[in-house]
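Protein sequence lines correspond, in order, to chains P, L and S. Our numbering puts the first residue of the first sequence at 8, with every later residue one more than the last. Our numbering puts the first residue of the second sequence at 162, with every later residue one more than the last. Our numbering puts the first residue of the third sequence at 854, with every later residue one more than the last. Glycine included, C-beta positions come from ideal geometry on N, C-alpha and C.
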Amino acid sequence: MNAPEMIGVDNLIEKVPEERSREFERIWSQPTGFIGFFHTIDNIPIGVRYMATAFLLFVVGGFLALLMRLQLATPERQILGAETFNQLFTMHGTTMMFLFVIPFIEAVATYMLPLILGTRDLPFPRLTAFSYWAYTFGVLFIFSSFLFGVAPDGGWFAYPPLTLKEHSPGLNLDFWDIGLSVAEIAALGAAAEIIISILRMRAPGMSLHRIPIFAWAMLITAVMIIFAFTPLIVGTFFLELDRKGVTHFFDPQAGGKPLLWQHIFWVFGHPEVYIMFLPAAGIISTVIPVFSRRPLVSYALVVLSLLAIGFLSFGLWVHHMYSTGLPATALGFFAAASMMIAVPNGVQFFSWLATIWTGNPQWRTSMLFAIGFLFNFLLGGLTGVMVGAVPFDWQVHDSYFVVAHFHYVLIGGVVFPFFAGLYYWLPKITGRLMSERLGKWNFWLMFVFFNVAFFPMHISGLLGMPRRIYTYAPGLGWDVYNLISTIGAWGFGFAVLLGVINLLWTLKRGPAAGHDPWGADSLEWSHASPPPNAQFKYLPHVHARHPMWEQESLEPQDEKIARILEPVQAGPTTWRGGLVVSVMDAKPIAVVHMPNRSIFPFVLSVAFALIFAGLLVETAWLLVPGVIVGGVGVAGWFRPTKTEDNALAEMQCERTDRQLFLAVYGPASNGWWGTWVFITIWTTALFTTIAAYFYLGGGAPEMPPPVPNTLFGILALATAVLSVPAIRLFSRDIAGTAAGVRWTGLGLTALLNIAVILLTVLSLTQSSVTTQTAGGSIVVFLTGWQWLTSGIVLAMLIAAALWAWFRPADPRGWSVALNTSLVAYFAVANWLITFVILYLSPALWG
Amino acid sequence: MTESLLGRTRLSLWELLIGSIGGASAWLLHLGASYLLLTIGCNENWPGVRLMLIALTIGLVAVGLWTGLFAYRRIESTETDADWAITLSSGLSRENFMMVVGTVSSAVFTIIILAQGVPPLFLPLCSEV
Amino acid sequence: MNPSTLDPRGPGAGAIAELWWVLFYVSLIITVLTLAALGYAIFRRRVDWRLPSDEQDRGPTRAIVFAGILFPAIVISGLFIYVVITYRAITGPGDTPFTVRIIGAKWWWDVIYEYDSPILNARTANEVRIPVGRRVSIALESRDVIHSFWVPRLQGKMDLVPGRTNRIWIQADSPGVYRGQCAEFCGLQHARMAFYVVAMEENEFEEWIAAQRQPAAAPQSDAERRGRDVYLTRGCPLCHAVRGTESLAHAAPDLTHVGSRLSIAAGVLPNTRGHMAGWISNPQQIKPGSYMPRIPLEPAELQDIVSYVLSLR
């Protein structure tokens, strides 16, 4: 099972004329120069920037913790004041949880997933670039708060009422709340891409049960992001509205409930930690088999575990709220699930163990980090089962014991795998091998100092030391453990620095890595290191789970398949084409056009930065330019391009089974799938809001949510339902519809949506509903959600109308129209559901 | 054989779904319905909340066991030449994979449903303490 | 005095400590066994190693299913039942004729003893005295942000959430002083929001609470009389209460019997003349950002008011 000599797409004999090969490389080349830097949207350069930025945040976030540890080294120290310390621990947590781990994972996925899956890029390159730029601006935004001395100071979890304006009057929490929005948007964008990429864009023959475990992990993680981050967006929206004095969701004086925030936050927060862990587990499932020289034992069970963990993680959130006074039986439910999640985690663990046991381990640095992970994660997982037990958690919640637990699972269980992945993949990324000697020092020092820093925290927690305190009294038995932790933390910092030094040394002096230094099994190792921009010039054909180990050749063996793939082998040459395959069997179906350069993702990020800054200080001087720049960004992003014209000229768009077609519109296109992801996000947000509605309404019979004006509500419903035939008019039989008919449909739908917005506004103004109470706040928010939804439909209708006017026969216009119809139908469903909730469910109140 | 989103399969789409995620769905339903029942029942002072929760548990344990058996019985019909343990490691047949995975997952999720059924038996129902 | 959860002095913390040891030993055994297996997997000698065939993988896969899924599921289920039993043991109502209503504020504890007939009520701050051997009911509320009541040697913690009343009981089985601290981040001086639970024999407790019900002792010495004048005229009554005088506000700790408390500034400073003087003269030095303003006093005034305050036993 050694990699056969001939393997590797680079080694394949060029089968096309040199001219074509060069044209192909040209269309896939990067924009150059200073301005070109902002035009780049390829996954490889974006991935590198993303990884570098995220890793920098790791170092910065870690440094904040080192400062905290200095303050806590001995009792009653005066190095940092209370406010500074509170800002530090808030920013440490916020940085690590929102600005490092998930972005770093997204970065690795951005770079590696296409290589692992055997494709040329992610499905929406402009979205990839936008995610990166939005993230970077978000980082700058939040960290700029330090310059003004108002860094967020409410904890990374920002519980109200502490974080409402009354108790946090400064801009600190606004920086946090608004700044996070960009992290959230970037995460959702990445999630959409990852899902569509893994499900549709893989090498031919890479059926779903042949994809590498890392891809399974990313797929499940991405789905989790959709369902976890969306509630957080709703929640942070609620918080910011409360802070601006518009609403009163969390204010007990107005019937609001502080615990609503906790429910929403932890419905996000618990899956969040598994969103961080699953990709790390995916990395371990990649590294251990390679360095044990055998495939992972029981791929199916590991996939099952990942699915089970992803699923189960949504049912555990209340374990962060054990001490809030919820009924014992309810806490019992969550304790059961929280303790039992150890089972699927255990399955992965035993699978890795069995792989090493029956394998032939090679002790490279990467493997050392994997073993270090196993040790630390074992301890972290066991303390996790402990804190899942309610009575025990009642003692250790919000104490240093729990700090120890989550650092064991987050550093031990996520950072160590990141380093394993770094040592494993950096040779591929840079083309140079890292120093094994420095690497071993890096590992051992990290491992030892990590345990020195965090193990004593179990003890100080059990000895009664609470979290988030800037100092502590002497003589309580906590002193020596804090000192040891501080020493360990600083040692860990230096150990990480060693890793950075190794990285820098590698860039300068590392020996050439070749295409497959580890003798690994997956497709990324079939390339030269670093991979060319024109990756997978010849798409590999996969028929085994470990192509580099189990296949003689990556060329299509079947004549029929070879013929079907002909247009995409070293082609297309005047536009970038990516292959779309069937979900389960990876049969080649279609080709999609992918843009090669665009500055508009960057422009749109600038717009977001302006808008967010404008919201922060509440000034039109920033908001208005922001919206204008945003408009420019959106228009530029979606405008027709030359390469798209080339694609349309060269390939047909009609769906056919006989050959590859250009998937521009309809269910075969990525845009359609993207629209469905968007609808899923929107639905999740709607249901989060509905849950908040019932939470705020139930249990407070004296302050149930008020009902808006029913007449206008019904009129709005009728109007919405009326739009259904209008939508059908412009979207049914898209290729065959006459322009006039389409125009009528678009126009009618637009008018009806405007009417819905007006009628729902009237339903509020013609009633006594105000946002002064919690109930009123949620009613207005739910109604406002419809405005947002219909507003988006209107924007899309305008785009569809522009296409229908200027290029009625252009399939891109049909695509916009079809995707718009999906969202328009959804807007109808949105009001239908909202109507039932706002107007009919109060009858249940009795 | 049916032709569907999952390609050519011997089992229908429903059979594949029930077999593979039936157990997990039962668990999610149990958690959600129990929490909801408890919250509303305690707020509205319904009598017999405890009994309802017990009934819910029994019902969904039954569902979990049923889906487990459902999947287990289809392991044979979707079998390839290999033993189930080999299928788990080598993945020769996608449907077989899904049914094996479904059997094991139904077993685990049924145990979790059972565990979740224990608190109403021993703990105070509606108050915090 | 160390607030260790592993040195319990009451049945609440006691039951939890027992649970801890069970969880600990089970975890220890699992850790040792797993690390032994890992060690063996890493270090075992491989002679003529060949890639295992699918047939050879049957064993490990079966092992994972039975030892890795079913066995842990059963162990954890068993543990869970024990957890539920422990949980049951630490919940439930108290058995005292009074409830201690504790209202959290930034950054102190308002402590009200509530009986069925209100004439028996008493009020203090930052200190909870309880009779030994009785389950004392505690009702927890907050007037601003979320706090958490945690006295590790006696019981698990419970949050004080604005807009709701949470309940817990604490019981001490031997007399002593038990330290507690706020365990939910509540802003600037969260680190300095501690309190003491003092457990006394039942008869001593009854004496103590009877004294707490009384209005403040009249000042005995000249210094104390002068001190009372300083107290009443320099703004203290705007926030504090001394029952028996016209100072009856409750925005800050009740001072009627502050002289008999063990600590001041919410468990931060021992209640001695020196510390009291330091606190009154410059609270912002000790707890920057706390709501007690710095009121400039002449040295003589300071000494007098300290004498007065300490006389309020």
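task = Alpha carbon to alpha carbon, how far is V613 (chain P) from S605 (chain P)? Give it in angstroms, no decimals.
result = 14 Å
Residue-level contact to chain S via CB, M393 (chain P), 8 Å cutoff = yes
query = In whole angstroms, what is the alpha-carbon distance linking K22 (chain P) and L546 (chain P)?
reply = 13 Å
inquiry  = Please identify, using Cβ separations under 7 Å, the residues of the segment 1128-1154 of chain S that lie next to chain C, in order along the chain.
reply    = Here the protein chains are P, L and S, and chain C is not one of them.
query = In chain order, what residues of the same chain lie with their CB nearer than 6 Å to the CB of E1154 (chain S), ignoring the 5 residues before and after it?
reply = V1083
query = So with Cβ pairs under 8 Å, would you call V279 (chain L) a contact of chain S?
reply = yes
query = Along chain L, in chain order, which residues have C-beta atoms closer than 9 Å to that of F933 (chain S)?
reply = A276, V279
inquiry  = If the cut-off is 8 Å on Cβ atoms, which residues from the segment 70-90 of chain P count as contacting chain S, listed in chain order?
reply    = G88, A89, E90
query = Under a CB-based cut-off of 8 Å, is T887 (chain S) close to chain P?
reply = yes
ask   = Which residues does DSSP pair with F1002 (chain S) in a beta bridge?
value = S:M1011
inquiry  = By the three-class DSSP mapping on this structure, what secondary structure does L249 (chain L) have?
reply    = At L249 (chain L) the pLDDT is 49, less than 50, meaning the model places this residue with poor confidence and gives no usable figure here.
task = Taking C-beta pairs closer than 9 Å, name the residues in chain P that F919 (chain S) reaches, listed in chain order.
result = Those within 9 Å of F919 (chain S) in chain P number zero; the least Cβ separation is about 10 Å.
ask   = For L124 (chain P) versus A198 (chain P), is the C-beta spacing smaller than 8 Å?
value = no
ask   = Residues of chain L with a CB under 7 Å from the CB of V937 (chain S): which are they?
value = V279, P280, F283, L284
key: Cα-Cα separation, G500 (chain P) to A335 (chain P)   = 42 Å
query = Taking Cβ positions only, does P334 (chain P) come closer than 8 Å to chain L?
reply = yes
Cut-off 7 Å between Cβ atoms - residues of its own chain near T264 (chain L), not counting five sequence neighbours on either side = G229, A232, Y233, I236
query = By how many angstroms is the C-alpha of H404 (chain P) removed from the C-alpha of L333 (chain P)?
reply = 15 Å
task = In angstroms with no decimal places, state the Cα-to-Cα distance between L815 (chain P) and R29 (chain P).
result = Sequence inspection shows Pro at residue 815 (chain P); the Leu mentioned does not correspond to that position. Approximately 35 Å between the Cα atoms of the pair.
message = Looking at chain L, is there any beta carbon in it that lies within less than 8 Å of the beta carbon of A866 (chain S)?
response = no
Segment limits, alpha helix (DSSP H) that includes Y966 (chain S) = Looking at the DSSP string, Y966 (chain S) is not in any alpha helix (DSSP H); the run it does join, the beta strand (DSSP E), is 961-967.
key: Start-to-end residues for the beta strand (DSSP E) that takes in G585 (chain P)   = 583-588
inquiry  = With distance defined between alpha-carbon atoms, name the residue in S:I1139, S:G1080, S:R1081, S:V1050 nearest to R1114 (chain S).
reply    = S:V1050
inquiry  = Using the three-state DSSP reduction, which class does V599 (chain P) fall into: helix, strand or coil?
reply    = strand
ask   = Just by C-beta distance, which residues in the segment 218-231 of chain L are closer than 9 Å to chain S?
value = none
key: For Q355 (chain P) and S312 (chain P), believed in contact at Cβ under 8 Å, the rounded distance   = 5 Å
request  = Give a yes or no on whether 8 Å exceeds the smallest Cβ distance from A926 (chain S) to chain L.
outcome  = yes
key: T478 (chain P) to G184 (chain L) span [Cα, whole Å]   = 49 Å
task = Give a yes or no on whether the minimum CB-CB distance between V262 (chain L) and chain S is below 8 Å.
result = no
ask   = Is F283 (chain L) near V964 (chain S), with beta carbons less than 8 Å apart?
value = no
CA-to-CA distance, N206 (chain L) to A396 (chain P), given in whole angstroms = 28 Å
query = Given a threshold of 16 other Cβ atoms within 10 Å of its Cβ, counted over all protein chains shown, does G252 (chain L) qualify as buried or as exposed?
reply = No answer about G252 (chain L) holds up, because its pLDDT of 44 lies below 50 and its placement is not dependable.
task = Helix, strand or coil for V167 (chain P), going by three-state DSSP, please let me know.
result = The amino acid at residue 167 (chain P) is misidentified as Val; the sequence shows Pro. Correct three-state label for P167 (chain P): coil.
inquiry  = Measuring only the C-alpha atoms, how far is A725 (chain P) from I999 (chain S)?
reply    = 45 Å
ask   = So which residues on chain S does I272 (chain L) lean against when the C-beta distance must stay under 7 Å?
value = A926, S930
Interface partners of A185 (chain L) on chain P, CB under 9 Å = L314, A315, F318, L319
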